[in-house]
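Everything below concerns the one structure shown next.
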Amino acid sequence: MKPVTFVLRLVLVIAALLVVLPLVWTLLNAFKTNADLLVSTPKLIFTPVWDNMEYVLNRRSVARALVNSLVICGWAVVLGAVLGVPAAYVIARVKNRITQEAQFFALSLRFLPPVAVAIPMMVIWLGLGLYDSRVALIITYMTITVSITIWLSIPAFERVPLAIEEAARVDRLGPYATFFRIALPVAKLQVLSAIAFSFILVWNEFLLAMMLTTSRAKTLPIIASEMSQLGMSVPWGILNAAVVLLSLPPLILLALVGAGLNSAFSAKTSQE
Amino acid sequence: MRLGRSLPVVFLGPALMVLIILAAVPTLYAFNISLQNRTLSAPDADYIWFANYLAMFSDDRFLNALWVSLKWEVLTVSATMIVSMGLAIAMFEAASPRWRKVLSILFIIPVLLPRVCAAFVWKFSFHPLYGAVTWPARAITGDTPDILSSPAGAMFAVAFVDVWQWGLFFAVIILKLLEALPPQPLEAARIDRAKRWEIHAYITLPMLKLPLISLLLVKAIESLRSFDLVYVMTRGGPGVATETLDMYAYSQGFIEAGNISYASGMAVVMLVLTVVMFTVIWKRLNQ
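Line by line, the protein sequences give chains A and B. Quick note on numbering that gives the first Met the number 0: the first sequence kicks off at 0 and runs consecutively. Quick note on numbering that gives the first Met the number 0: the second sequence kicks off at 0 and runs consecutively.
Written out as structure tokens, the structure is:
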């Protein structure tokens with residue numbers, strides 16, 4: 000092995016450890032008592048306890064926030080997919096001024112600073128009497144899910160070979176049937192990963208949720224962040240447990256996002 | 000390509016309508032509120048027109064937040080690009096296909112984590128008394144270094160977490176871009192006995208110029224969403240050292256004064272700055 004290769008591999012190993020170690024460490028900390036956790040020399044060997052997890056899982060606020068997060072993100076993602084995926088298909092297939100502008104518009108929503116959305120939204124929802132409700136957050140989150148689903152699904156449909164759709168037309172399939180029975184199934188994996196990504200974005204969302212909820216519609220990230228505000232004695236074990244639980248759904252979707260990423264790039268090479 | 004007459008309208012229309020409403024209404028509303036003197040406690044308000052905007056320019060804390068935001072953008076964007084290009088080239092040069100796969104999966108993980116979680120994980124690691132990162136310093140010198148309590152340390156620590164999330168993710172994308180390059184120019188360069196760093200500096204990275212600039216732009220946009228990281232790790236502190244514009248707008252509107260009109264004015268300034276800037280850059284890039 001050349002010295003250069005050795006150095007590069009060392010860098011890669013360090014980078015990989017920077018990912019693995021903090022995650023493993025957090026997982027371990029979630030099962031430590033405060034006596035094991037709050038020590039000057041980090042402890043590798045300890046008696047694991049289930050107390051932190053139990054505390055987190057049994058709290059009413061956490062259970063309610065979990066339901067809120069699931070309902071709010073679920074609806075926002077489903078509505079985002081129903082509206083966004085067909086729109087992406089049109090943008091991918093029809094290339095004219097309107098669709099180009101529509102594509103850019105969907106992207107430009109990402110330029111909006113979250114604060115600039117949150118403040119007026121708060122005033123609007125207060126005025127409508129919907130402040131601190133799930134509906135308000137679902138509609139607000141649709142800004143994120145619709146635009147991201149469109150943006151990431153366009154390349155998925157552009158990859159679908161035109162020849163297949165032409166063949167479908169020869170077989171007398173109408174435009175709608177072509178979309179549902181040909182284009183959508185062919186682009187399935189990448190479209191699903193786009194939807195998964197939009198779910199992760201809203202599941203992780205923090206600022207809008209914090210400004211638009213006070214009690215009833217609070218989502219999990221808000222509850223997790225509040226656990227650190229219990230005065231001077233931060234319950235680090237409980238906090239670690241909450242971090243682990245909050246991180247699970249995005250990590251479960253990791254495989255899907257990874258597969259979508261792979262197919263997005265492999266397609267480019269095979270077509271050229 | 001014929002899609003029929005109704006399909007484009009039926010498929011694209013509703014999504015566009017929803018997006019236009021969701022974008023236009025809050026934007027106009029924000030501008031409207033910023034012209035008033037509305038506060039959280041009192042629902043009634045008068046129009047004071049541009050007084051909020053004028054007040055900003057004599058508000059030291061606002062100017063500080065503007066400066067902090069600018070520093071944050073430059074720091075995180077440049078660090079992310081350098082780290083991701085370095086790691087991508089390292090993977091391209093020194094990792095076998097199987098290791099590339101493993102590393103790619105690992106490097107995507109941080110960006111998928113909720114930023115609140117990433118912030119907590121590292122905040123505890125940086126803890127002066129119990130943190131794992133500060134442990135070597137404690138063990139060797141006996142000091143208890145409090146990274147988050149010094150202005151520069153706090154800035155770099157928060158930026159580190161941001162780069163931990165985005166730099167590693169971008170490395171995976173840049174690796175895929177490198178793998179998709181045609182092999183002939185690289186072969187030719189190798190036959191001409193070009194050194195490996197020369198191949199990347201003069202051939203592969205220039206070939207990837209456009210996608211790299213797009214990535215840079217995406218990162219610049221995502222760097223604007225730093226609120227959760229800053230909120231959890233430092234709350235804008237120590238003092239106002241890491242108080243970005245969204246953090247300051249939040250504390251003006253919700254915590255200290257409840258002055259939502261003033262906060263709204265700042266939001267409008269941010270909105271105009273970012274939308275105009277990114278639209279111009281993006282349109283120019285895609286021409």
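Glycine residues also receive a C-beta, built at the ideal position from the N, C-alpha and C atoms. All of these numbers come straight from a predicted model, not from anything done at the bench.
Candidates the options: closest to residue i by CA position
| i | options | result |
| --- | --- | --- |
| A/Glu165 | A/Phe178, A/Ile153, A/Pro154, A/Ala155 | A/Phe178 |
| A/Pro154 | A/Thr139, A/Leu136, A/Tyr88 | A/Tyr88 |
| B/Leu15 | A/Ser246, A/Ala15, A/Val114, A/Ser146 | A/Ser146 |
| B/Ala22 | A/Pro220, A/Arg171, A/Leu106 | A/Leu106 |
| B/Thr79 | B/Leu284, B/Leu214, B/Thr278, B/Leu244 | B/Leu214 |
| A/Lys31 | A/Ile143, A/Leu253, A/Asn239, A/Leu207 | A/Asn239 |
| B/Trp281 | B/Ser260, B/Ile220, B/Ala200 | B/Ile220 |
| B/Gly130 | A/Ile221, A/Ala208, A/Pro41, A/Gly79 | A/Pro41 |
| B/Glu178 | B/Gly12, B/Leu62, B/Arg99, B/Leu65 | B/Arg99 |
| A/Ala25 | A/Val242, A/Leu260, A/Ala258 | Strictly speaking, residue 25 of chain A in this sequence is Thr, with Ala absent from that position. Minimum Cα distance to A/Thr25 is reached at A/Val242. |
| B/Leu211 | B/Leu174, B/Glu197, B/Ala240 | B/Leu174 |
| B/Ile259 | A/Met226, A/Val116, A/Glu225, A/Val23 | A/Val116 |
| B/Phe10 | A/Ala208, A/Thr98, A/Leu82 | A/Leu82 |
Cross-chain neighbours of residue i in chain A, by beta carbon under 9 Å
| i | result |
| --- | --- |
| B/Ile32 | Ile118, Pro119, Val122 |
| B/Trp163 | Leu17, Val18, Pro21 |
| B/Trp121 | Pro21 |
| B/Glu92 | Val3, Thr4, Leu7 |
Chain-ordered neighbours of residue i on chain B, where CB pairs are closer than 9 Å
| i | result |
| --- | --- |
| A/Ile194 | By Cβ distance, chain B contributes nothing, its closest Cβ being about 14 Å from A/Ile194, past 9 Å. |
| A/Ala240 | Correct list: empty, because the minimum Cβ distance to chain B is about 11 Å. |
| A/Asn203 | Leu111, Leu112, Pro113, Arg114, Val115, Cys116, Asp227 |
| A/Val93 | Met0, Leu2, Pro7, Leu11 |
| A/Trp24 | Val120, Phe123, Ser124, Ala131 |
| A/Ser39 | Leu128, Tyr129, Trp134, Arg137, Ala138, Thr143 |
Cβ-based burial, residue i [other Cβ within 10 Å; buried from 16]
| i | result |
| --- | --- |
| B/Asp227 | buried |
| B/Gln46 | Residue identity differs from the one stated: residue 46 of chain B is Tyr in this sequence, not Gln. When all chains shown are included, B/Tyr46 counts as exposed. |
| A/Trp74 | buried |
| B/Gly3 | exposed |
| A/Asn95 | exposed |
| A/Ile138 | buried |
| A/Pro174 | buried |
| B/Val160 | buried |
| B/Gly141 | exposed |
| A/Asn57 | exposed |
| B/Trp196 | exposed |
| A/Thr46 | exposed |
| A/Gly126 | exposed |
| A/Leu211 | buried |
| A/Arg92 | buried |
Beta-carbon contacts of residue i that lie in its chain and below 6 Å, excluding the five residues immediately before and after
| i | result |
| --- | --- |
| A/Glu271 | Note on A/Glu271: pLDDT 35, under 50, position unreliable in the model; no value is reported. |
| B/Met232 | Ala118, Lys122, Val157 |
| B/Leu167 | Phe106, Pro109 |
| B/Leu34 | Tyr46, Trp48 |
| A/Thr268 | Low confidence applies here, because A/Thr268 scores a pLDDT of 44, under 50, leaving its location unreliable; read the following figure in that light. Cβ neighbours of A/Thr268 beyond the five flanking positions: none. |
Cβ neighbours of residue i in the same chain (closer than 8 Å, five flanking residues each side left out)
| i | result |
| --- | --- |
| A/Asn33 | Pro234, Trp235, Gly236 |
| A/Ile251 | none |
| B/Trp163 | Pro109, Ala117, Trp121 |
| B/Val115 | Asp227, Val231 |
| A/Leu191 | Leu255, Gly259 |
| A/Leu172 | Arg180, Ile181 |
Listed by chain order, chain A residues near residue i by CB distance under 8 Å
| i | result |
| --- | --- |
| B/Gly235 | Those do not exist, as B/Gly235 stays about 13 Å from chain A at its closest Cβ, beyond 8 Å. |
| B/Met269 | Pro112, Val114, Ala115 |
| B/Asp245 | Pro112, Pro113, Val114, Leu206 |
Contacts of residue i in chain A (Cβ-Cβ under 7 Å)
| i | result |
| --- | --- |
| B/Phe155 | Correct list: empty, because the minimum Cβ distance to chain A is about 15 Å. |
| B/Pro144 | Going along chain A, no residue has its Cβ under 7 Å from B/Pro144, so there is no contact; the nearest lies around 13 Å. |
| B/Gly252 | Ile118 |
| B/Tyr249 | Val114 |
Contact set for residue i: own chain, Cβ-Cβ below 7 Å, skip 5 residues either direction
| i | result |
| --- | --- |
| A/Trp202 | Ser68, Cys72, Pro248, Pro249 |
| A/Leu151 | Ala193, Phe196 |
| A/Ala182 | Tyr88, Phe156, Val159, Glu164 |
Cβ-heavy atom distance, residue i to the ligand ADP, below 7 Å
| i | result |
| --- | --- |
| A/Val185 | Among the ligands in the structure shown, none appear at all, so the ligand ADP cannot be discussed. |
Partner residues on chain B for residue i, Cβ-Cβ distance less than 7 Å
| i | result |
| --- | --- |
| A/Pro220 | Pro113, Val115 |
| A/Ala14 | Leu86, Leu167 |
Beta-carbon neighbours of residue i, restricted to chain B and to distances below 8 Å
| i | result |
| --- | --- |
| A/Gly272 | This structure cannot settle anything about residue 272 of chain A, because the visible part of chain A is limited to 0 through 271. |
| A/Ile147 | Here the premise fails: no neighbours, minimum Cβ distance about 11 Å. |
| A/Ile199 | Leu111 |
| A/Tyr88 | Phe10 |
Okay, do the region 200–217 of chain A and the region 121–133 of chain A touch, 3+ Cβ pairs below 8 Å being the bar?
yes
Segment contact flag, the region 28–44 of chain B with the region 249–267 of chain B, C-beta cutoff 8 Å, min 3 pairs:
yes
Counting pairs of beta carbons, one from the region 178–197 of chain B and one from the region 106–114 of chain B, are three or more of them closer than 8 Å?
no
Taking three-plus beta-carbon pairs below 8 Å as touching, is the region 144–155 of chain B in contact with the region 45–60 of chain A?
no
Contact the region 75–95 of chain B vs the region 260–270 of chain B: 3+ CB pairs below 8 Å
no
Okay, do the region 104–123 of chain A and the region 44–62 of chain B touch, 3+ Cβ pairs below 8 Å being the bar?
With a cut-off of 8 Å on Cβ pairs, the region 104–123 of chain A is not in contact with the region 44–62 of chain B, counting fewer than three such pairs.
Please confirm if the region 235–247 of chain B is in contact with the region 79–93 of chain B, defined as three or more CB-CB distances below 8 Å between the two stretches.
At 8 Å Cβ cutoff, the stretches do not touch.
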